[in-house]
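Step one of this worksheet: look at the structure below.
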Amino acid sequence: MTLTELHFHTSESSPCGKVPAKKGLTMYQKAGYGAVVVTDHFSRSVYGKKDYRDWAMVVNQFLAGYEEAKQTGQKLGVSVYLGMELRFPHDENDFLIYGLDKEYLLARPWIYEQELNQVYEDLQKHGMVIFQAHPFREKCSRANPSHLNGIEIINGNPRHNSRNDLASSWAREHNLVGICGSDFHQVEDLNGNGVSLNSLPESERELAQRLKIGEFTIHVKRKGEGT
Numbered sequence: 016m017t018l019t020e021l022h023f024h025t026s027e028s029s030p031c032g033k034v035p036a037k038k039g040l041t042m043y044q045k046a047g048y049g050a051v052v053v054t055d056h057f058s059r060s061v062y063g064k065k066d067y068r069d070w071a072m073v074v075n076q077f078l079a080g081y082e083e084a085k086q087t088g089q090k091l092g093v094s095v096y097l098g099m100e101l102r103f104p105h106d107e108n109d110f111l112i113y114g115l116d117k118e119y120l121l122a123r124p125w126i127y128e129q130e131l132n133q134v135y136e137d138l139q140k141h142g143m144v145i146f147q148a149h150p151f152r153e154k155c156s157r158a159n160p161s162h163l164n165g166i167e168i169i170n171g172n173p174r175h176n177s178r179n180d181l182a183s184s185w186a187r188e189h190n191l192v193g194i195c196g197s198d199f200h201q202v203e204d205l206n207g208n209g210v211s212l213n214s215l216p217e218s219e220r221e222l223a224q225r226l227k228i229g230e231f232t233i234h235v236k237r238k239g240e241g242t
């Protein structure tokens, strides 16, 4: 079984991330993780409104943390996959996307200015998945379940009350797949949370398909401030 982190931020690409990718990957390798998905924030508040800028430049800024993590992981024997924590402009809900690659992002300028239903439909066509992150935190609201592949039922961040018990109940009510992650931003956020996979996926798309059908075991050591 391979312990896998599904919610990991870097200081290179997430303003709220306080740990460089290289240091973070080294910490995770020492803690026994075999895989990490880099899910840096991607939103108007981080990268700005649609304007005259070259979209490729925006994408490259977003990928900086992932690329550093990927290089470090190759040296340490930790598999690193590209993901994203996406936020649309009209609320403070966050969505974890799995199955991404650079080519997909380059072909979809200003994806964070769209709406959930549009992004969901496009992701499904391309073998990707979208999970709502920490849907029961203060200021968050539950998205339309028909536009989700699942939700994060265990968020281990120690600085937020994610009300994980409510998230778990809501996932069961709507027959949604539930995932678990540390929501790593700072050194103290490495807590042993994640999912266990029978084997390492060969690609981001394979990881996405396994998550979509729930082909994993949740691994929890710390539930965060909210239970």
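Under this note's numbering, the first residue of the sequence shown is numbered 16, with each subsequent residue one higher.
Even glycine gets a Cβ: it sits at the ideal position worked out from N, Cα and C.
Item: Close beta carbons around L212, own chain, < 6 Å, minus the five adjacent residues each side; Value: T17, T19 and F231
Item: Helix, strand or coil at H109 according to DSSP, with G and I counted as helix; Value: According to the sequence shown, residue 109 is Asp rather than His. Reduced to three states, the DSSP call for D109 is strand.
Item: Pairwise C-alpha distance: V74 and K266; Value: For the chain, the structure presents residues 16 to 242; residue 266 sits outside this window and is missing.
Item: Cα-Cα separation between G207 and Y67, rounded to whole angstroms; Value: 42 Å
Item: Y67, enclosing alpha helix (DSSP H) - first and last residue; Value: No alpha helix (DSSP H) contains Y67, which DSSP labels as neither H nor E.
Item: Residues sharing a beta bridge with M99, DSSP; Value: I112
Item: Proximity of G142 and G114 at Cβ, strictly below 8 Å; Value: yes
Item: Simplified DSSP state of Q147, which is helix, strand or coil; Value: strand
Item: Cα-Cα separation between Y127 and R102, rounded to whole angstroms; Value: 6 Å
Item: Residue closest to Y48, alpha-carbon to alpha-carbon, out of V95, Q76, A79 and L78; Value: V95
Item: Straight-line Cα distance separating L78 from K90; Value: 19 Å
Item: Rounded C-alpha distance that separates H149 from D198; Value: 10 Å
Item: Proximity winner among G165, R59, T25 and A186, relative to R225 (alpha-carbon distances); Value: G165
Item: C-beta contact flag for L191 and P160 at 8 Å; Value: yes
Item: Which of helix, strand or coil DSSP assigns to S192; Value: The sequence given here places Val at residue 192; Ser does not occur at that position. In the structure shown, V192 sits in a strand (DSSP, three-state: E or B).
Item: Cα-Cα separation, G196 to N170; Value: 5 Å
Item: Sequence-distant residues of the same chain with beta carbon closer than 7 Å to G98, five excluded per side; Value: V52, V53, T54, L111, I112, Y113 and L115
Item: N-terminal and C-terminal residue of the alpha helix (DSSP H) that A46 is part of; Value: From DSSP, A46 is part of no alpha helix (DSSP H); its letter is neither H nor E.
Item: Simplified DSSP assignment, three categories, for V74; Value: helix
Item: N- and C-terminal bounds of the alpha helix (DSSP H) containing N170; Value: Per DSSP, N170 belongs to no alpha helix (DSSP H); it is in the beta strand (DSSP E), G165 to N170.
Item: Among S26, E107 and Y43, the one whose alpha carbon lies nearest that of Q76; Value: S26
Item: Reduced DSSP category for I126 - H, G, I as helix; E, B as strand; rest coil; Value: helix
Item: Cutoff 8 Å; reference A71; Cβ partners in own chain excluding five residues on either side; Value: L121
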